[in-house]
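Going line by line, the protein sequences match chains S and F. Quick note: the first sequence uses the numbering used here, first residue 146, plus one each step. Quick note: the second sequence uses the numbering used here, first residue 146, plus one each step. Even for Gly, the Cβ is constructed at its ideal location relative to N, Cα and C.
Protein chains: 2
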Amino acid sequence: MKSADKHRKIIRAATKVFAKKGFFNARISDIAKEAKVADGTIYLYFKNKFDILISVFEQEIGKLIENILLLLENETDPSAQLEIFIQRHLEEMKKNRNLAEVIHIELRQTNKLIRDYRKNKFSEYLDIIAKIILQGQNEGKFRQDINPDIAKLMLFGTLDEISRLWGPGSEEKVTVEDISRQITAIFKHGMLH
Amino acid sequence: MKSADKHRKIIRAATKVFAKKGFFNARISDIAKEAKVADGTIYLYFKNKFDILISVFEQEIGKLIENILLLLENETDPSAQLEIFIQRHLEEMKKNRNLAEVIHIELRQTNKLIRDYRKNKFSEYLDIIAKIILQGQNEGKFRQDINPDIAKLMLFGTLDEISRLWGPGSEEKVTVEDISRQITAIFKHGMLH
DNA sequence: ACCATCAGAATGAGGGCTCATTCATTTCAC
DNA sequence: GTGAAATGAATGAGCCCTCATTCTGATGGT
């Protein structure tokens with residue numbers, strides 16, 4: 146039986162290998178070895194190397210989207226929702242470094258190839274932010290002159306860059322809470338006195 | 146004579162090719178063809194393919210640093226300096242898409258390889274931001290509880306993500322001025338009313 | 001002015017290696 | 001016993017870099 150279990154096992158292995166070596170330096174045999182299957186087996190579950198990357202991303206970001214949406218349900222204030230989003234994203238990136246690396250490096254490296262795909266799953270993630278901001282504007286809590294589509298990119302860019310703090314070769318002891326607080330503060334109130 | 150001219154020519158060609166295809170998909174022969182030299186000639190000027198990337202990055206970001214520092218000299222107010230930085234960065238990325246792509250993709254893709262280098266040249270760029278913020282704090286204009294090293298990452302992350310708006314496959318008509326104004330506003334005053 | 005000599009710049013064909021992918025064979029589940 | 005699943009050795013396409021060779025133009029001897 147082609148098991149969903151094995152499918153997952155390969156994805157998990159691939160995430161690890163991609164994170165460690167980058168897509169282009171990752172060998173199929175590395176992934177196979179990590180997943181404890183034969184090279185050929187991978188091709189029973191995936192079309193090609195690139196298809197593995199897509200699947201990794203879909204799987205991981207999908208889980209994150211679900212998780213965040215669930216958390217947001219219990220909170221109606223857009224300002225608080227923003228804080229939740231920020232904290233949850235950073236938490237996940239700190240915990241799941243492999244995902245952070247894959248988003249950080251691979252999402253960009255393969256930008257040109259992945260674009261169509263990105264239009265689906267990744268923008269779904271970004272749109273969570275945009276919706277929160279729009280909601281805030283409708284409730285008169287956020288400034289009207291902000292373009293949610295710009296702001297969502299600002300926030301994601303911020304988070305993505307910040308999450309490198311927990312990447313390899315960083316001795317940072319900064320906590321997610323501290324950073325979340327700071328980012329949230331700047332986004333809400335700005336840097337000026 | 147090994148001419149500096151040819152060196153530049155190869156760098157220019159490489160920038161173009163890297164931007165278009167990404168580092169790993171760029172062929173030495175592509176670069177050679179674009180530069181109108183023989184494949185072998187490239188190895189008279191560069192150690193290897195990766196060395197070309199380093200040089201491209203060094204060259205381009207170096208010019209940008211010089212240029213921005215010059216502009217900042219004429220302005221003492223940190224708040225205005227921030228605005229200048231933001232606008233100049235985005236202007237450059239819009240004008241010089243090749244550089245934008247190289248920063249965007251390669252800086253990340255080759256993160257692991259380039260790290261030593263990054264500690265030098267790239268952080269020099271980031272430190273311009275940090276210094277402005279510190280200055281603002283010393284003058285009592287920016288909030289004291291902001292960590293300049295976090296804020297610099299926020300701003301760079303923001304700008305880097307935003308500059309994708311002018312990347313290939315975007316029909317955006319947004320102007321640099323509009324976006325600069327918006328980003329500056331959020332950074333200074335935040336999103337709340 | 002002319003040519004011989006030469007240093008070193010430029011060339012580009014192809015060696016040699018690295019993988020992504022395939023497929024003949026084996027193993028396994030029922 | 002049969003067909004699906006798994007295997008991993010074999011394949012071959014692709015490309016970085018080398019190096020034997022050619023080209024260029026500067027120098028100096030006559």
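Name, please, each residue of chain S whose Cβ falls closer than 7 Å to the Cβ of residue i.
i	result
F169 (chain F)	F169
T303 (chain F)	M299, G302, T303
Kindly list, in the order they appear in chain S, the residues whose Cβ is closer than 8 Å to that of residue i.
i	result
I328 (chain F)	I295, M299
Since residue i and residue j should fall inside the 8 Å C-beta cutoff, what is the C-beta to C-beta distance between them, to a whole number of angstroms?
i	j	result
S200 (chain S)	I173 (chain S)	Between I173 (chain S) and S200 (chain S) the Cβ distance is about 14 Å, and since that is not below 8 Å, they are no contact.
I231 (chain S)	S325 (chain S)	5 Å
A171 (chain F)	V182 (chain F)	Between V182 (chain F) and A171 (chain F) the Cβ distance is about 15 Å, and since that is not below 8 Å, they are no contact.
A180 (chain F)	I331 (chain S)	Incorrect: roughly 44 Å between the Cβ atoms, too far for contact.
P223 (chain F)	G285 (chain F)	With a Cβ gap of about 10 Å, P223 (chain F) and G285 (chain F) do not count as contacting.
F301 (chain S)	E306 (chain F)	6 Å
K151 (chain F)	Y190 (chain F)	7 Å
F195 (chain S)	K266 (chain S)	That pair is no contact at about 15 Å.
I176 (chain S)	I273 (chain S)	The pair is not a contact, with the Cβ atoms about 30 Å apart (cut-off 8 Å).
T335 (chain S)	H334 (chain F)	As written in the sequence, residue 335 (chain S) is Gly, which differs from the Thr given in the question. Indeed, because the Cβ distance is near 4 Å, the residues count as touching under 8 Å.
Suppose the cutoff is 8 Å on Cβ atoms and the five residues either side in sequence are ignored; what does the same chain contact list for residue i look like?
i	result
G312 (chain F)	R242, A245, E246, H249
E228 (chain S)	S325, T329
I277 (chain F)	L217, P223, Q226, L227, F230
E220 (chain S)	Q226, I229
L279 (chain F)	P293
L298 (chain S)	L271
G207 (chain F)	K266
Would you verify that the beta carbon of residue i is, or is not, closer than 7 Å to some beta carbon of chain F?
i	result
E306 (chain S)	yes
Just the chain S side, please: which residues come within less than 9 Å of residue i by C-beta, in chain order?
i	result
N292 (chain F)	V319, D323, I324, Q327
I331 (chain F)	R288, I291, I295, A296, M299, I331, F332, G335
Beta-carbon within less than 7 Å of residue i's beta-carbon, same chain only, minus the 5 sequence neighbours each way: which residues are those?
i	result
T303 (chain S)	I328
E236 (chain S)	V321
H234 (chain S)	L304
D294 (chain S)	A275
A164 (chain S)	R242, N243, E246, V247
Q289 (chain S)	Q282
Within the same chain, show all residues whose beta-carbon is closer than 6 Å to that of residue i, passing over the 5 residues directly before and after it, in chain order.
i	result
K178 (chain S)	none
K239 (chain F)	W311, V321
Q204 (chain S)	I156
K154 (chain F)	A180
Below 8 Å between beta carbons is the criterion; list the residues of the segment 210-238 of chain S that meet it against any residue of chain F, in chain order.
S224
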